[in-house]
Amino acid sequence: MRWCRKLAELLVVLMLAVSAGALAAEIEIRNAQLSPEDGGQALSADFSIDFNPRLEEAVSKGLVLHFVAEFELNRPRWYWFDEKVVRTQQTWRLNYHALTQKYRLSNGALHLTLSSLSEAVHILSRLRNWLVIERDRATPGDSFEAALRMRLDTSQLPKPFQVEALSNRDWVLSSDWKRWHYTVPSPAPALPPVPAGGESK
Numbered sequence: 002m003r004w005c006r007k008l009a010e011l012l013v014v015l016m017l018a019v020s021a022g023a024l025a026a027e028i029e030i031r032n033a034q035l036s037p038e039d040g041g042q043a044l045s046a047d048f049s050i051d052f053n054p055r056l057e058e059a060v061s062k063g064l065v066l067h068f069v070a071e072f073e074l075n076r077p078r079w080y081w082f083d084e085k086v087v088r089t090q091q092t093w094r095l096n097y098h099a100l101t102q103k104y105r106l107s108n109g110a111l112h113l114t115l116s117s118l119s120e121a122v123h124i125l126s127r128l129r130n131w132l133v134i135e136r137d138r139a140t141p142g143d144s145f146e147a148a149l150r151m152r153l154d155t156s157q158l159p160k161p162f163q164v165e166a167l168s169n170r171d172w173v174l175s176s177d178w179k180r181w182h183y184t185v186p187s188p189a190p191a192l193p194p195v196p197a198g199g200e201s202k
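Each residue of the sequence shown is one higher than the one before, counting from 2 in my numbering.
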């Protein structure tokens with residue numbers, strides 16, 4: 002009986018942990034796809050980002066929020082662990098300037114000034130043409146397992162907010178990993194040359 006009671010308690014703890022993890026997924030990934038681009042393979046995706054009132058208030062009071070998109074590319078191997086071909090990320094900084102009453106979204110050297118938080122979130126939710134696979138890392142016909150997620154990086158918060166984030170789920174803003182199979186396509190065949198003095202027939 003004691004063993005059964007311990008097992009029941011463990012199952013309850015596991016169920017609560019699973020439920021907590023589900024509640025933490027405040028970002029949904031849509032339309033994630035890879036496509037050939039000059040120099041390799043580029044990633045595009047849409048995110049549905051649910052800002053709660055706590056985060057809106059924090060931004061409006063000048064707190065800088067860092068959002069990180071993480072991408073991984075693995076080559077499955079039946080005889081050993083999967084080979085990690087690519088692991089990369091990029092970060093956006095979102096903050097509010099009280100003097101100008103504008104929001105600023107920064108990604109590397111790119112800076113956008115926006116009139117509202119909804120505009121900033123709209124831009125943040127559209128990832129386009131991110132070169133994640135260099136040409137020399139993959140050849141046509143290669144098959145991989147791709148994975149993408151986005152999260153609020155609480156490690157970039159000031160220390161008092163990092164401590165609060167440990168116990169307050171309002172600071173948990175993250176997607177689950179989105180995983181899919183990807184085979185590098187063959188390049189499109191070259192078009193025949195156009196004869197001089199006229200169009201090809």
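A virtual CB, placed ideally from N, CA and C, is assigned to each residue, including glycine.
Everything numeric in this text was worked out from a predicted model, so none of it was measured.
Can you list the alpha helix (DSSP H) stretches of 4 or more residues lying completely in the segment 156-192, in chain order?
-> List check, alpha helix (DSSP H) in window: 160-168.
How many whole angstroms separate the CB atoms of residue 86 and residue 72, which I take to be in contact at a CB cut-off of 8 Å?
-> Along the sequence shown, one-based indexing puts residue 86 at 85. Along the sequence shown, one-based indexing puts residue 72 at 71. Going by Cβ atoms, the distance from residue 86 to residue 72 rounds to 11 Å, so no, they are not a contact pair.
What is the rounded straight-line gap between the Cα of residue 150 and the Cα of residue 30?
-> Within the sequence shown, the letter at position 149 stands for residue 150. Within the sequence shown, the letter at position 29 stands for residue 30. When the Cα atoms are used, residue 150 and residue 30 turn out to be separated by approximately 7 Å.
How would you write the range of the beta strand (DSSP E) that residue 1 sits in, first residue to last?
-> Any answer about residue 1 is impossible in this case: the structure gives the chain only from 2 up to 202.
Does DSSP classify residue 57 as helix, strand or coil?
-> Along the sequence shown, read from residue 1 onward, the residue named residue 57 stands at position 56. If DSSP states are grouped into helix, strand and coil, residue 57 belongs with the helices.
C-alpha distance - residue 118 paired with residue 188, whole-angstrom precision | Locating residue 118 in the sequence shown gives position 117, where the first residue counts as 1. Locating residue 188 in the sequence shown gives position 187, where the first residue counts as 1. For residue 118 and residue 188, the gap between their C-alpha atoms comes out near 41 Å.
Within its chain, find whatever has a CB closer than 7 Å to the CB of residue 132; leave out the 5 residues flanking it on each side and keep chain order.
-> Working through the sequence shown from its first residue, we reach residue 132 at position 131. Excluding residues within five positions, the ones whose Cβ falls inside 7 Å are 38, 40, 41 and 43.
Please look up how many angstroms separate the CB atoms of residue 145 and residue 32, rounded, as I've assumed it's under 8 Å.
-> Here residue 145 refers to the residue found at position 144 when the sequence shown is read from its first residue. Here residue 32 refers to the residue found at position 31 when the sequence shown is read from its first residue. Between residue 145 and residue 32 a beta carbon distance of about 19 Å is seen, past the 8 Å cut, so the two are scored as non-contacting.
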